[in-house]
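Trainee:
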Amino acid sequence: MSHPCLTCGACCAFFRVSFHWSEAEPATGGRVPIELTEPLRAHERVMRGTSQAQPRCIALDADIGRYSRCSIHPVRPSACAAVSASLEFGARSAQCDKARIAHGLHALEAEDWLWRDAAAGAMQGDAHIATHAVIA
1 MSHPCLTCGA CCAFFRVSFH WSEAEPATGG RVPIELTEPL RAHERVMRGT SQAQPRCIAL
61 DADIGRYSRC SIHPVRPSAC AAVSASLEFG ARSAQCDKAR IAHGLHALEA EDWLWRDAAA
121 GAMQGDAHIA THAVIA
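Take the sequence shown: its position 29, counting from 1, is numbered 29 in my numbering, and each next residue is one higher.
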């Protein structure tokens with residue numbers, strides 16, 4: 001299993017992604033590719049494709065519910081970085097739940113994160129083995 005966002009993409013095809021214009025302005029250190037944005041209001045820009053009746057971010061490479069990838073993930077807007085998957089950090093995310101349900105997906109549950117617990121346990125075991133090998 002893998003992170004649920006990698007098989008989702010619902011939030012990127014449900015919400016308008018708006019942010020301060022400076023995030024897309026190279027002169028102010030903005031990193032969001034300005035060509036993927038459009039003006040929204042005086043001090044805001046929006047990711048292309050998200051300010052319409054059926055939003056879908058231009059940076060989204062996905063088949064919702066099967067695979068999902070943000071083509072600008074390292075430089076995505078702060079609005080995107082602020083969204084977390086439901087229960088990823090122990091709390092429900094109303095945004096995640098609403099977007100997933102709108103796309104016919106189930107709201108994430110604790111069981112959707114069991115892979116992470118198993119992976120963390122395996123990594124701790126690897127660290128123990130590596131430490132033991134160095135000490136021995």
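Quick reminder that beta carbons are idealized off the backbone N, C-alpha and C, glycines included.
Restricting to Cα atoms, I'd like to know which of Ile58, Thr50 and Arg66 is closest to Ile72.
Mentor: Ile58
Trainee: Reducing DSSP to helix, strand and coil, say where His132 ends up.
Mentor: Residue confidence is low: His132 scores 47 on pLDDT, short of 50, so the model does not pin down where it sits. Its coordinate-derived value is still stated next. Three-state result, His132: helix.
Trainee: Can you have a look at Trp21 and say buried or exposed, based on whether 16 or more other CB atoms are within 10 angstroms of its CB?
Mentor: Trp21 should be labelled buried.
Trainee: Assign His103 to one of three DSSP states: helix, strand, or coil.
Mentor: In this structure, His103 counts as coil in the three-state DSSP scheme.
Trainee: Helix, strand or coil, according to DSSP, for Val75 in the structure here?
Mentor: helix
Trainee: For the region 33-45 and the region 92-107, state whether three or more C-beta atom pairs, one from each stretch, are separated by less than 8 angstroms.
Mentor: no
Trainee: Leaving out five residues before and five after Ala24 in sequence, what residues of the same chain have Cβ atoms less than 6 angstroms from its Cβ?
Mentor: Gly30, Val32, Ile34, Thr37 and Arg45
Trainee: Going by C-alpha to C-alpha distance, which of Pro74, Tyr67 and Ala107 sits closest to Met85?
Mentor: Residue identity check: residue 85 is Ala in the sequence provided, not Met. Closest option to Ala85, Cα to Cα, is Ala107.
Trainee: Sort out for me which residues DSSP pairs Asp61 with in a bridge.
Mentor: Looking at the DSSP output, Asp61 bridges to Arg69.
Trainee: Put Arg116 into one of helix, strand or coil per three-state DSSP.
Mentor: helix
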